[in-house]
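See below for the structure under consideration.
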Amino acid sequence: MNILSWIITIILNLIGIYMFFMNSKRYNDYRKKMKVYLDNHKDAQKFDNSKGTIILEIILIVVCFILAVVLPASAATMSERYGTMLLYTAIIFLAASMVMETYTTKKIFFSQDTFFYDQEAYKYKLITKIVPASGLFKPAVVSFGSKEISVPKKVAAKLEEQYKLWKAARKTTRREKRGRR
């Protein structure tokens with residue numbers, strides 16, 4: 080490997096390690112906040128769209144680990160061996176960070192008046208609009224007035240369904256209250 084290849088490999092490893100630790104922190108914060116939310120909302124229902132993606136990412140990690148061990152043995156020089164191992168190590172760190180990110184962003188919990196997504200609980204009544212995803216890789220956008228969050232397409236579809244159910248239940252409750260007066 081030449082000097083440029085080493086520099087690129089080291090930069091990729093640093094990026095992978097940085098992303099791994101940042102997503103580890105995010106994942107740990109998510110777990111703590113999710114536990115608090117679920118303790119306060121016993122009726123919460125989970126929608127999990129992460130399994131398929133996480134399985135693919137774990138397969139990528141395993142394949143890269145195997146390649147990091149097997150391929151360097153066939154390399155001609157020690158420099159190539161270590162370079163190949165470092166390159167696959169960077170991919171392993173990136174894929175592991177993607178697993179943690181997928182775990183936090185492809186799950187949503189619904190309760191009667193709120194939902195929990197990516198470390199935060201939101202009230203249905205604050206939603207101003209849900210813009211569906213347009214395109215293959217574009218996320219949907221949920222607006223809360225001045226704040227917006229991006230959510231995956233399937234999570235947005237489930238959120239919109241739950242939001243409509245909440246609105247219908249709210250209308251029914253309001254009618255019942257007016258009827259009592």
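Per this note's numbering, residue 80 is the first one in the sequence shown, and the count goes up by one each step.
Glycine included, C-beta positions come from ideal geometry on N, C-alpha and C.
Item                                                                                                                    : Value
Nonlocal neighbours in the same chain, by C-beta distance under 6 Å from residue 91, ignoring five residues either side : 169
Exposed unless 16 or more other CB atoms sit within 10 angstroms - verdict on residue 244                               : exposed
Candidates 172, 87, 153, 163, of which the one nearest residue 140 by Cα                                                : 172
Burial state of residue 251 (16 or more Cβ within 10 Å)                                                                 : exposed
Meets three-Cβ-pair contact criterion under 8 Å: the stretch 176-192 and the stretch 117-125                            : yes
Three-pair Cβ contact test at 8 Å for the stretch 209-221 versus the stretch 156-164                                    : no
Sequence-distant residues of its chain with Cβ nearer than 8 Å to residue 222 (five each side left out)                 : 206, 207, 208, 209, 210
Host beta strand (DSSP E) of residue 176 (start-end)                                                                    : Unbroken run through residue 176 is the alpha helix (DSSP H), 157-184; no beta strand (DSSP E).
N-terminal and C-terminal residue of the beta strand (DSSP E) that residue 201 is part of                               : 199-202
Buried versus exposed, by CB contacts within 10 Å (16 or more), residue 102                                             : buried
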